[in-house]
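Below is one structure, written out as structure tokens, with a few remarks after it.
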Amino acid sequence: MTNMTKDEIKALQIKAAEISDHFENKSSVYVRSGQEIFHLNRENHDDAFIASRIANEYWWKFEWFLNDSDLWKDSDFDDIDEVAAEFEGRFAGFFQEG
Numbered sequence: 017m018t019n020m021t022k023d024e025i026k027a028l029q030i031k032a033a034e035i036s037d038h039f040e041n042k043s044s045v046y047v048r049s050g051q052e053i054f055h056l057n058r059e060n061h062d063d064a065f066i067a068s069r070i071a072n073e074y075w076w077k078f079e080w081f082l083n084d085s086d087l088w089k090d091s092d093f094d095d096i097d098e099v100a101a102e103f104e105g106r107f108a109g110f111f112q113e114g
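Per the working numbering: the sequence shown = residues 17 to 114.
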């Protein structure tokens, strides 16, 4: 059981997509900038790429929950409130206003 509404979870899913896109675009800048720039910024690229994949993973968790998917039911994460709190904590900077 959750204390969150489906609309609140959908809003988090939309935020997860925005965060994933942000980091995916950031990592691809290093790739498009050429081999020398890419190698100079390899750690930044790797960090951005990993962050985009993590945000994308949260998007799927929210999707599975919203659709009452067997993937959600069969997963190790059974509390959407915990998943949401973990997501908001990991990407706290994206939830700050202004």
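Ideal placement from N, C-alpha and C gives every residue a C-beta, glycine not left out.
Buried/exposed call for residue i, threshold 16 Cβ in 10 Å
i: Gln51; result: exposed
i: His61; result: buried
i: Phe93; result: exposed
i: Ala100; result: buried
i: Ser43; result: buried
Contact under 8 angstroms by Cβ, residue i with residue j
i: Trp88; j: Ala33; result: no
i: Phe78; j: Leu28; result: yes
i: Ile25; j: Leu82; result: yes
i: Thr18; j: Ile96; result: yes
For residue i, the nearest candidate out of the options (CA to CA)
i: Tyr46; options: Asp94, Lys31, Ala64; result: Ala64
i: Ala71; options: Thr18, Phe39, His55, Asp97; result: Phe39
i: Ser68; options: Met20, Gln112, Lys31; result: Lys31
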